[in-house]
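Written below as structure tokens is the structure these notes are about.
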Amino acid sequence: MTNPITRITATIRRYIDEHLPTILVTILVLAFLLLYFWSRIFITIKAGEGGVLYKRFDGGTVVETLYGEGFHIVLPWNIMAVYNLRVQTQKHTLNVLTEDGLNVKINMAIRYHPDREMVGVLHKYVGEDYFNTIVLPEIESTVRSYVVKDNLTNIYATLAKKTTFQDAVNEAIGRVARKFITVDEVMVIDIDLPDKIENVIQDKLRQQQLSLAYGYRIQREEQEAERKRVEAEGIRRYNAIIDQSISGNILKWQGIQATAQIATSANSKVIMIGPDKNSLPVILNAEPSPAVQPPPLETQKRTEKSTQRMQTKQATPPLLAQHTLLGVDQNKTPKQDVKSKGNPTVKKPASPAKSERVNDNN
1 MTNPITRITA TIRRYIDEHL PTILVTILVL AFLLLYFWSR IFITIKAGEG
51 GVLYKRFDGG TVVETLYGEG FHIVLPWNIM AVYNLRVQTQ KHTLNVLTED
101 GLNVKINMAI RYHPDREMVG VLHKYVGEDY FNTIVLPEIE STVRSYVVKD
151 NLTNIYATLA KKTTFQDAVN EAIGRVARKF ITVDEVMVID IDLPDKIENV
201 IQDKLRQQQL SLAYGYRIQR EEQEAERKRV EAEGIRRYNA IIDQSISGNI
251 LKWQGIQATA QIATSANSKV IMIGPDKNSL PVILNAEPSP AVQPPPLETQ
301 KRTEKSTQRM QTKQATPPLL AQHTLLGVDQ NKTPKQDVKS KGNPTVKKPA
351 SPAKSERVND NN
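Heads up: the sequence shown begins at 1 in UniProt numbering, then just goes up one per residue.
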């Protein structure tokens, strides 16, 4: 008797051998379908997100269950919608007309998030594009109603009142999406005006600042005048006290002391005594004389050479020099003429002109 397991194994092998092409085609089709519907079958919900399941053959949207973070397997004919449950910020630019017909461009930032408990209802009745469907139209309508009723001057004041403006926006959104969405804040980032209007406003603000600056200057000058008045009053009182305490004898004594100090200084000076006994001396050239600069080195050398030549000429006897010019030997003594008085006289040499003629004859 054969083993049942062996019999079953043999039957399976025989079936595979007979239907191998069909089995291979079936496996390939299943693999293709698995790869094709991979993103719809295997769902990963990230942090801060929630999933709402739509069952195609079992009642549609499941509003009671919110699928949390993690990995989920869903049948390929069902759809899992993933919502971002975090606080989100969307920037939007709105063009509106003011009461006086001026085109104003308002740049806003809207901060919102969906209600976690009502995500299923939001998906069923609004959809994933709920921001453009509910939030943005209601905010635009509210902002327009605020801007159109006022002129440009009051728009800044209106938008600056954040509490009033925010309450109005929340009330407008609550009329439609009170149970689905929470708008945390609508922030006005910037208001763009036409160039001409903006220049006029800037000029007006500049004039206001200049007016404040001039007021500050006037206040500063008034304070400066008060300071000078107090200072002058103090100087007047000081002079009055000094006038009472200083006499002529004290001034004369101080002048004598100052004159004595100048007179004992090392500088050369001329002191003139006045004719009156009460007058103080007058000191001339009390300032120190300027220092004399030494001559240059070349001038000193020339002066030394000139001095040496002068000394040499003075050391040579005149008579000897004249004999030298006449060609007479210096070792010979000149002839002496004995006169009646007995005093020896030296014969005078010829004049320079005669000496020159003698030399020429020789």
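We put the CB at the ideal spot given by N, CA and C, even for glycine.
Among the options, the one whose alpha carbon lies nearest that of residue i
| i | options | result |
| --- | --- | --- |
| valine 63 | Val74, Gly50 and Ile73 | Gly50 |
| isoleucine 66 | Phe57, Val82 and Gly59 | First, the amino acid is wrong: residue 66 is leucine here, not isoleucine. Of the listed residues, the one whose Cα sits closest to leucine 66 is Val82. |
| tyrosine 130 | Gln223, Asp243 and Asn84 | Asn84 |
| lysine 124 | Tyr54, Glu171 and Asn95 | Tyr54 |
| leucine 34 | Arg56, Thr6, Leu75 and Ile5 | Leu75 |
| serine 39 | Tyr112, Trp77, Ile256 and Asp243 | Trp77 |
| glutamine 61 | Leu122, Lys105 and Glu222 | One detail in the question is off: residue 61 reads as threonine in this sequence, not glutamine. Comparing Cα positions, the closest option is Leu122. |
| isoleucine 189 | Ile106, Gln261 and Glu226 | Ile106 |
Contact under 8 Å by Cβ, residue i with residue j
| i | j | result |
| --- | --- | --- |
| valine 52 | threonine 98 | no |
| leucine 16 | proline 114 | Contrary to the premise, residue 16 reads as isoleucine rather than leucine in this sequence. Going by C-beta atoms, isoleucine 16 is not nearer than 8 Å to proline 114. |
| arginine 86 | glycine 120 | no |
| glutamate 138 | isoleucine 110 | no |
| valine 143 | isoleucine 134 | no |
| histidine 92 | methionine 80 | no |
| residue 371 | leucine 94 | Residue 371 is absent from the model: the chain starts at 1 and stops at 362. |
| isoleucine 191 | valine 96 | no |
| tyrosine 112 | valine 169 | no |
| leucine 102 | isoleucine 197 | yes |
Simplified DSSP assignment, three categories, for residue i
| i | result |
| --- | --- |
| threonine 9 | helix |
| aspartate 192 | strand |
| asparagine 84 | strand |
| residue 378 | The structure shown does not extend to residue 378, since the chain is modelled only from 1 to 362, so the question has no answer here. |
| histidine 123 | helix |
| isoleucine 16 | helix |
| leucine 34 | helix |
| lysine 55 | strand |
| valine 74 | coil |
| glutamate 185 | strand |
| isoleucine 44 | Residue identity differs from the one stated: residue 44 is threonine in this sequence, not isoleucine. Threonine 44: strand per DSSP, three-state reduction. |
| isoleucine 79 | strand |
Open item on the list: Counting beta carbon pairs with one atom in the stretch 67-78 and one in the stretch 31-46, are three or more of them shorter than 8 Å?
Closed with: yes
Open item on the list: Which runs of the beta strand (DSSP E) at least 3 residues long sit entirely within the stretch 90-114? Give them in chain order.
Closed with: 103-114
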